[in-house]
Every structure is written in structure tokens, then in C-alpha cells.
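In this note's numbering, the protein residues as written are 31 to 334.
Every residue gets a Cβ at the ideal spot worked out from N, C-alpha and C, and that includes glycine.
Here the structure comes first, spelled out in C-alpha cells, and everything after it is commentary.
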Ligand code: R5P
């Protein structure tokens, strides 16, 4: 049986937190929040948390440092006020990409972030499409924090199925992300593959092409975990159109969408841009919610 819980949406995930609470059939208790004139955050928990299982829902983009600190303050406060168990739902976990020390002296950012959660009494983290499952597991071994990594790709693909992309080719922008394309293909039913990058020696231009798949005339979907500047996705869409794809959808879990990203992808020829609601402010054609996915994971976690 699932234990009782207090769901607290943070300022960065008000809507998603409320949706998660509604899926779980409980009342949300949004944290009180404001920004001081100097940019510091004020946080106050509005529900009694002593001896409770506390679920904090807060994404960490845009403005990752600020959003992360707000979440850490929520966790630290719940811990200080005697919460029995603290679960942080961090739909987009910032710093997931900085998971290895490539040069001497570099910060292992993901390790630092997970260590901070641990030091504040957080026992569980639920994240969505973390950049590297492998790094997550390596970091997890160094801390007393259990990390559950969910994927929004089947939900995105399910929506695309409704929108005429059944049987489409599912692609990832590189070989390392092929798991995303395979997950998409599992729902859409078509073939899957990945892009190979080639650089024109004369112009230095990068071209992205799919080999071993005859895209001509077909529909295709590019699945990525993050769209930030939109450069990667734009190149992929362009490559598919150049290979004769009839319709191309650009799909991602985390729509960071820095200035001009959507226009870049549209200009490349994308027919549809779809993302999940792990970060707010996504300006996509279609947004699907990960609330049911998160609620299901919480149900499972809390019934153990
Ligand atoms: C890279 O490894 C990620 O999976 C994304 O492809 C990347 O972060 C996208 O960035 P941008 O939109 O700036 O090309």
C-alpha cells in the first residue's frame, strides 16, 4: 500500500507539480516563493512536514543555478523540520551533461549536485531522460541516493502516433542516443537509426546524414533528450529533408529552447515540434505532460 504524502510543487514546476498531485489524488501544497531585489530566492513550505513523506517537484531550467538552489532550500527545510522521507522529483536535472572529468581540475558537476541532495536528507531522486543513464549509475554508487530515471520518449511517440507518424523512421542525432530512437520506434512501429556527422574539408560545414535507411518519401521523427540552441535538431531535420523525407517531426524531452531555437528548427523544414513539460516555457507546437509517468513512478516507489 502507498504511504501518505505531501506533494510540494516548487516555483519552477507549479503546473507540473499540481498535475502530479492530481494524478495521485492528493492536494498540492505549493511552496511560497519570491525573488528579493538582489536576486536571492525566498522559500517557505506551506504545509507541516514533520514525520511526513515529502515529495518536492521542481525542475532546474531555465536559470539552473537559481532553480537548483530553490530546490535544495526546500529539501533542507523539509529535512530540518523533521520530514520522515524526502523524494525530489527533478524532471530536468541540470548538470547531467557534466558527468566526467575530461581535463584535470574540472568539476564533476553531477556528482556535486547529487552529493548536495544527499547531504540534505534526500533519499530518492526521480528524473526524466537524464543525459546519460550510465553516468547516473556511476554517480549513484558514490552516494546514498536512489535515482529513478524515467523516459518521456514513449509518451512523445504516443502523441506522434495520433498525429499521423505511425510507421515513421525514428532517429537519434548521434549513435550515443540510439536508445531514444529505439524507444520511439517501439511505439511508432517503424525502423530506427542514428545520424552520422561528416565535415566538408573545404568549407568546414557539418552535414548529418542517415545511412542504411531509405528515408525517401517516408515520414521521420528525430528524438533527442534536449533541444537547447536547436542547432543539432536543425541539422538533423535538414539532413532528412535533403534525403527526401516527406514529413519530419522534431521531438525532445527537455525543451530548453534558447533564443531562436524554434525558428532555427522550423527554417530547417520541421513539420512539427513536440516536447514534454519537464521544463516550462517550451514554445513547441505540441506539449505532452509527464505527470502520469511521474505519478506512476511515485506510486511504485512509495509502495515499497
Ligand atoms: C547532446 O549531447 C544532447 O543530447 C543534445 O543533442 C544537445 O544538448 C542539443 O543542443 P543544441 O540544441 O544546442 O544543439
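{"Check": "Heavy atom of ligand 1 within 7 Å of residue 260 beta-carbon", "Outcome": "yes"}
{"Check": "The segment 187 to 196 contacting the segment 127 to 143, beta-carbon criterion three pairs below 8 Å", "Outcome": "no"}
{"Check": "Boundaries of the beta strand (DSSP E) in which residue 39 is found, first to last residue", "Outcome": "36 to 39"}
{"Check": "Assumed close pair residue 262, residue 122 - CB separation to whole angstroms, cut-off 8 Å", "Outcome": "Actually they are not in contact, since the Cβ atoms of residue 262 and residue 122 sit about 17 Å apart, beyond 8 Å."}
{"Check": "Candidates 120, 228, 74: closest to residue 88 by CA position", "Outcome": "120"}
{"Check": "Backbone secondary structure at residue 310 - three-state DSSP", "Outcome": "coil"}
{"Check": "Coil, strand or helix - residue 50 by DSSP", "Outcome": "helix"}
{"Check": "Nearest residue (CA-CA) to residue 125, options 136, 185, 182", "Outcome": "136"}
{"Check": "Other residues of its chain near residue 173: CB distance less than 7 Å, five sequence neighbours each side excluded", "Outcome": "144, 145, 148"}
{"Check": "Euclidean distance between Cα positions of residue 155 and residue 233", "Outcome": "45 Å"}
{"Check": "Under 8 Å between C-beta atoms of residue 280 and residue 320", "Outcome": "no"}
{"Check": "Span separating the alpha-carbon of residue 324 from that of residue 269", "Outcome": "34 Å"}
{"Check": "For residue 46 and residue 138, the rounded distance between their alpha carbons", "Outcome": "29 Å"}
{"Check": "CB contact flag (residue 318, residue 185, <8 Å)", "Outcome": "yes"}
{"Check": "Whole-angstrom distance between residue 151 and residue 223, CA atom to CA atom", "Outcome": "42 Å"}
{"Check": "Contact belief for residue 85 with residue 117 at Cβ below 8 Å, rounded distance in angstroms", "Outcome": "5 Å"}
{"Check": "Burial state of residue 225 (16 or more Cβ within 10 Å)", "Outcome": "buried"}
{"Check": "Residue environment, residue 83, which counts as buried when at least 16 other CB atoms sit within 10 Å", "Outcome": "buried"}
{"Check": "Cβ-heavy atom distance, residue 263 to ligand 1, below 7 Å", "Outcome": "yes"}
{"Check": "Contacting residues, own chain, Cβ-Cβ under 8 Å from residue 218 (five flanking each side not counted)", "Outcome": "187, 190, 191, 195, 196, 197, 198, 200, 251"}
{"Check": "Residue range of the alpha helix (DSSP H) that includes residue 247", "Outcome": "Per DSSP, residue 247 belongs to no alpha helix (DSSP H) and is neither H nor E."}
{"Check": "Selection from 153, 133, 183, 127 that minimises the alpha carbon distance to residue 342", "Outcome": "Nothing can be reported for residue 342: it is not among the residues displayed for the chain, which extend from 31 to 334."}
{"Check": "Coarse secondary structure for residue 43, derived from DSSP in three states", "Outcome": "helix"}
{"Check": "Local conformation of residue 94 per DSSP, three classes", "Outcome": "helix"}
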